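By the working numbering, the letter at position 95 of the sequence shown is numbered 95, and the numbering carries on one by one without gaps. Take a look at the structure set out below.
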Amino acid sequence: MTYIIPNQGDSYIMSAAFQVGSGTFLSLNLFKSSPATAAMTATAVSADYTVLTGGGYVEKLIHRSAWSVPYLSAGSAEVSASGDGGSSPGFKFSFSAAPNESAYGYMISHTAANKLIVAETFASNYYLQNAGDTITILPKIRAT
1 MTYIIPNQGD SYIMSAAFQV GSGTFLSLNL FKSSPATAAM TATAVSADYT VLTGGGYVEK
61 LIHRSAWSVP YLSAGSAEVS ASGDGGSSPG FKFSFSAAPN ESAYGYMISH TAANKLIVAE
121 TFASNYYLQN AGDTITILPK IRAT
């Protein structure tokens with residue numbers, strides 16, 4: 001028996017996941033807990049991650065219009081989010097006070113549906129210790 005998701009299917013699935021209903025936003029958050037190995041598996045849920053709170057932290061909302069049309073290439077589809085309108089691409093988290101917390105990665109969730117869409121850890125954690133510290137995230141999601 002043969003199983004395939006053709007490019008057209010990849011495109012449709014990625015569009016449905018990231019270009020959610022009109023007026024709907026996905027939430028982008030930094031997490032401060034080093035995820036347990038179990039949290040980085042297919043059974044992960046939003047509750048497995050602890051969101052940053054210090055230093056004037058504010059989650060970023062990603063509107064459906066920020067996501068690109070899926071890019072298709074040999075057996076995979078990819079979408080990316082352009083950012084929150086600053087002069088450079090990506091979503092910039094800025095801290096107005098010293099958070100004194102580490103960011104281990106980010107997660108994108110659909111909070112209204114209480115669904116974790118994706119989570120990614122950074123190559124190494126970022127310790128945020130000063131007012132004015134920033135982290136910029138340019139989400140790029142690939143399905144293969």
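For each residue, glycine too, the CB sits at the ideal point set by N, CA and C. As the structure is a computational prediction, the values presented were derived from the model and not from experiment.
Assignment of beta-bridge partners to V51 by DSSP yields F31. The Cβ atoms of S109 and S46 lie closer than 9 Å to each other.
Annotation: P35 to P139 spans about 19 Å, alpha carbon to alpha carbon.
With at least 16 other beta carbons inside 10 angstroms of its own, G83 counts as buried. Beta-bridge analysis with DSSP links T111 to no other residue.
The criterion of a C-beta distance shorter than 9 Å is not satisfied by L116 and G54. A direct Cα-to-Cα measurement between V51 and T24 gives close to 21 Å. The straight-line gap separating the alpha-carbon atoms of K32 and H63 is approximately 24 Å.
Bridge partners of T121 according to DSSP: G105. Around the CB of V58, fewer than 16 other CB atoms lie within 10 Å, so the residue is classed as exposed. Where Y57 is concerned, there is no enclosing beta strand (DSSP E), because DSSP gives it neither an H nor an E. Scanning its chain for C-beta atoms nearer than 6 Å, with the 5 sequence neighbours on each side dropped, one finds around A66 the residues A81 and S82, in chain order. Between F122 and Y104, the alpha-carbon positions lie close to 6 Å from each other.
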